[in-house]
Structures are given as C-alpha cells and as structure tokens.
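Just so we're on the same page, our numbering is the position in the sequence shown counted from 1, plus 70.
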Amino acid sequence: MPVYHPPKIASSEITSKSLYLGRRDFIAASGGALAAAAFSSSAFAAPLKAAPSAYKVDDKLTSKEDVTSYNNFYEFGTGKEDPSRNAGSLKTRPWTIEIGGLVAKPQVIDIETIMKDITMEERVYRMRCVEAWSMVIPWIGFPLSALLDKVEPLGSAKYVAFETLVRPEEMQGQAGIFQALEWPYVEGLRLDEARHPLTILATGLYGETLPNQNGAPIRLVVPWKYGFKGIKSIVKITLTEEQPPSTWNVLQPSEYGFYANVNPAVDHPRWSQATERRIGEAEGLFGGARLDTLPFNGYADEVASLYDGMDLTKFY
Ligand SMILES: Nc1nc2c(c(=O)[nH]1)N[C@H]1C(S)=C(S)[C@@H](COP(=O)(O)O)O[C@H]1N2
Ligand SMILES: [Mo]
C-alpha cells in the first residue's frame, strides 16, 4: 500500500526565489551542453507539420528550454526538473484513447489515426499555473471538438472527463511507498467548455511532437484556465451527465476549484493571484516586473460569456 502524501505547494514556488533559479545557475556553472542534455528528454521529439493559426498572442515566447525543463507532471516526481529528468522512460507508442460514456459511437482511437486524420495547427497561448507563474507556448494541436464530433455525444452528455495513463513501471512517481497524488490524474470540463474553439488537444510544441515531460503523446490545453486543468498523457475520455472529479479539486476543494478559470480577483487561500511571474523574464531585485494577471488569462472576450450569471467567487 502506498503512503498517500498530499502535496502542499511550497511558498518558494510562489515567490521569485525558486528552484528554477537554482537550475539556471547549475547549467551555467557546469558549462552547457552536458548539463542541458541531462535536463531535456526531447530526444524523442520529431518534426511535426502544422498549419499557422489565427489564435496567437503577441507576447514573447518562453524559450523551448524553459518550456521543456520547468514542468509539473507529478507522475514523474513533484520537483520542477523531475519530469524532464524522468519522463524518458514513458513509452508513447503504441497509444490509444478510449472514448465512451454518453456517446453514440464509443471507440478506441489510435494516436496514429488521430495524427493522420486530423489537421494540426499551431496555437500560441499563454499558460498560467495556479502557482502564479506563466509561460507563452507555441503548441501544435487541434480543437477537442473535432474528436468529440467523431463519437457523437448524446443530448444527455453535459461534461467531459479525462484520465491520464497509470503505468508505475514507466512513471516513477506512481511507484514506491510515497506518492504525491491518487492515480489516475483526472480532470473534467463542462461540454460547452470542451467544445469551445480555444480548447485543444496538443500533440506537439515548438514545431515538434510533444516531449514526454509536456504530456506526450497527447494532452489537454485550455488557455483561460489554470494549468492543472491541462491533463497530460490522456488515455481515456468519457462523456458524463454529472460533473466529473478533478484531481486537485478532490485533494483540496477549498484551494482548487473545478472551474479553475484564471481570475486575478479571486486569490488562492495561501497566495495572491493578482500577479504572475513570467518564466524566463528577469524580475527586479525586489521582485518587481511581475505581470498583472488578466481575467480568464486574457481570453475574456472569447470565453466570459460561458459563465454569464455565475458567481465566479463561488464557482472558482
Ligand atoms: N497527468 C498530469 N497532468 C498534469 C499535471 C500532472 O501532475 N499530471 N500537472 C498540471 C499542472 S499543475 C500544470 S501547471 C501543467 C504543466 O504543463 P507543462 O509542464 O507542459 O508546462 O500540467 C498539468 N497537467
Ligand atoms: Mo499548475
């Protein structure tokens, strides 16, 4: 029986002095190539063609180095550098996604079929973690609605539930005595959120297939929500009538909601959500140059109407 250790996000992740700065110093001190290679398992990434997209923010891109070496993927450990160090063991082929529940055409779809049948496009999105840091990432993917269309959701379907792979032999954070979360990692969206054109399944970033640490071979990206909604390495999608469980909400409902819309006006009980630290951008000595966090992460024009009439301090 594993011992279940609910994680408390350290305050060092929230303020500017983080492990992340330690990593940079380490790479500089050990002089480049070897150290950099140790932090990157993008050796498996292959070029991936994608159409350019209209969905593109103007913010400066976060470097590929940062996007692929500062990660949250607790299946490979709770440290920011653990996923890039440990996710090389994940076998991403063969890979299937089982799609079922309240649909007319339940099916098991092979990732190769998805890559072949659906047109991929680039989406440059901001990503805002609930820990108050953010990145700008050039994803490659396709609207989740394209996949939902294939299975034909029934009229009774109101939500979409997602599950990550459970495979302790390849995911070292799932093996052993101490485990951070209950597996599988699960997430969910309301069906209208899932069908929104900004909601994508990503299969790549920076012009290549997804590195394992970013959720290969396929993960969810919902740019107006906190990053934990973006469930990685998906193996199962289920259409449901009831609101499905989501890992962080089940773990600590007072701190992490089901909706998790980025909202500078609703603070996390232990830290402010009004500002954020853009990874890779210098902060002043006194922690200056933090960016203001935008309602719905800057996507309010597109998505605010999904929540008309809802009290966002209650449905956080
Ligand atoms: N299966 C799974 N998905 C996950 C996580 C996780 O631990 N396990 N972490 C989430 C969190 S908290 C964030 S911020 C994003 C990070 O995505 P990135 O590492 O690609 O930037 O993944 C999300 N998806
Ligand atoms: Mo996160």
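Just so you know, even glycine gets a beta-carbon here, dropped at the ideal spot from N, CA and C.
Proximity test, residue i beta-carbon vs ligand 3 heavy atom, cut-off 8 angstroms
i	result
asparagine 142	This structure does not include ligand 3; its bound ligands are ligand 1 and ligand 2.
Nearest neighbour of residue i, chosen from the options [CA to CA]
i	options	result
glycine 243	Leu160, Leu382 and Tyr386	Leu160
threonine 166	Pro339, Pro287 and Leu376	Pro287
glycine 25	Leu275, Phe248 and Ile210	The structure shown has nothing for residue 25, since the chain only spans 71 to 386.
proline 314	Ser303, Val305, Arg260 and Tyr276	Arg260
proline 122	Glu240, Pro164 and Val194	Val194
leucine 218	Val137, Asn141 and Ala264	Ala264
arginine 289	Met241, Tyr255 and Asp262	Tyr255
leucine 275	Gly246, Leu214, Thr138 and Val320	Thr138
isoleucine 79	Trp318, Ala115 and Thr162	Trp318
threonine 162	Arg340, His338, Asp362 and Gly285	Gly285
Supposed contact pair residue j and residue i - C-beta distance, whole angstroms, cut 8 angstroms
i	j	result
valine 221	proline 176	6 angstroms
methionine 197	alanine 120	The Cβ separation is near 18 angstroms, so there is no contact.
threonine 234	isoleucine 184	The Cβ separation is near 17 angstroms, so there is no contact.
proline 238	leucine 131	With 8 angstroms as the limit, proline 238 and leucine 131 do not qualify as a contact, their Cβ atoms being about 35 angstroms apart.
Straight-line gap, residue i to residue j (C-alpha atoms, nearest Å)
i	j	result
tyrosine 326	tyrosine 386	8 angstroms
glutamate 346	glycine 368	13 angstroms
glutamate 135	glutamate 201	20 angstroms
glutamine 343	aspartate 180	39 angstroms
serine 329	glutamate 168	Before going on, a small fix: residue 329 reads as tyrosine here, not serine. Near 24 angstroms, if we compare the C-alpha coordinates of glutamate 168 and tyrosine 329.
proline 117	glycine 277	6 angstroms
leucine 224	glutamate 353	49 angstroms
lysine 384	serine 324	10 angstroms
leucine 376	tyrosine 140	31 angstroms
glutamate 151	alanine 174	42 angstroms
leucine 321	glycine 297	16 angstroms
leucine 214	aspartate 262	11 angstroms
glycine 350	aspartate 362	16 angstroms
aspartate 128	glutamine 283	25 angstroms
glutamate 182	tryptophan 203	34 angstroms
alanine 115	threonine 279	5 angstroms
proline 164	methionine 241	16 angstroms
Residues near residue i by beta carbon distance below 8 angstroms, same chain, minus five either side
i	result
glutamate 311	Leu172, Ser226, Ala227, Lys228 and Tyr229
tryptophan 253	Glu145, Thr234, Val236 and Gln244
lysine 186	none
Same chain only: Cβ atoms within 7 angstroms of residue i, ignoring 5 sequence neighbours per side
i	result
phenylalanine 212	Ile188, Thr189, Met190, Glu191, Ile270 and Leu271
phenylalanine 366	Trp294, Asn331, Val332, Val373 and Ala374
threonine 308	Gly170, Gly171 and Ala231
aspartate 371	none
alanine 245	Pro238
histidine 338	Val200 and Glu325
Pair within 9 angstroms by beta-carbon distance, residue i and residue j
i	j	result
arginine 360	methionine 205	no
proline 281	serine 154	yes
serine 316	glycine 258	yes
alanine 157	phenylalanine 143	yes
alanine 335	leucine 364	no
Proximal residues to residue i (C-beta, below 6 angstroms), its chain only, five neighbours per side dropped
i	result
proline 291	In the sequence under discussion, the amino acid at residue 291 is valine, which differs from the proline named in the question. If we look at valine 291 and ignore the five residues flanking it on each side, its Cβ neighbours are Trp209, Ile270, Ala272 and Gly300.
valine 178	Thr166 and Glu168
cysteine 199	Gly297
alanine 216	Ile188
arginine 340	none
serine 303	Thr234, Leu235 and Gly285
lysine 126	Val194
alanine 306	Note that residue 306 corresponds to lysine in the displayed sequence, not to alanine. Glu168 and Glu233, listed in sequence order.
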